[in-house]
Amino acid sequence: MNRISYYANRAAISAFQAGASIRTAALAAGISQGTAEKIRKYLVEVGDLPILCRCTQPLGHRGWCKYRLRQSPKRKAVLKQMHERQRNKSNDQSIPLR
Ligand SMILES: [Zn+2]
Numbered sequence: 206m207n208r209i210s211y212y213a214n215r216a217a218i219s220a221f222q223a224g225a226s227i228r229t230a231a232l233a234a235g236i237s238q239g240t241a242e243k244i245r246k247y248l249v250e251v252g253d254l255p256i257l258c259r260c261t262q263p264l265g266h267r268g269w270c271k272y273r274l275r276q277s278p279k280r281k282a283v284l285k286q287m288h289e290r291q292r293n294k295s296n297d298q299s300i301p302l303r
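Per this note's numbering, residue 206 is the first one in the sequence shown, and the count goes up by one each step.
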């Protein structure tokens with residue numbers, strides 16, 4: 206039987222208790238998502254998990270998560286691009302064309 210180390214287990218548990226997703230906890234602990242899922246299932250059975258997601262919806266909810274969306278690097282890039290475009294637009298209007 207394969208077993209994960211004590212430290213990987215602790216890392217996964219503390220990540221889950223901080224409100225991390227299965228994917229994030231697996232990355233933080235260096236374990237597979239399947240193993241992280243088992244640890245999370247155990248924590249739910251024991252009742253040792255926060256009840257709410259960081260976006261204030263129930264933990265493990267489906268659909269859009271405002272918190273995760275805010276963390277998304279792709280979304281940040283899109284917003285940055287949008288703001289730059291708007292800034293350039295307003296700059297163009299202030300300089301009269303000849
Ligand atoms: Zn959420």
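Virtual Cβ for every residue (Gly too), placed ideally from N, Cα, C.
These figures come from a predicted structure and were not determined experimentally.
The closest heavy atom of ligand 1 lies less than 7 Å from the beta carbon of arginine 273.
Serine 226 counts as buried, since no fewer than 16 other beta carbons sit within 10 angstroms of its beta carbon.
Of the residues assessed, alanine 223 falls on the exposed side of the cut-off, its CB having fewer than 16 other CB atoms within 10 angstroms. Sequence-distant partners of cysteine 270 (beyond 5 residues in either direction) whose C-beta falls short of 6 Å from its own C-beta, in its chain, are Cys260. Bounds of the alpha helix (DSSP H) holding alanine 220 are 211-222.
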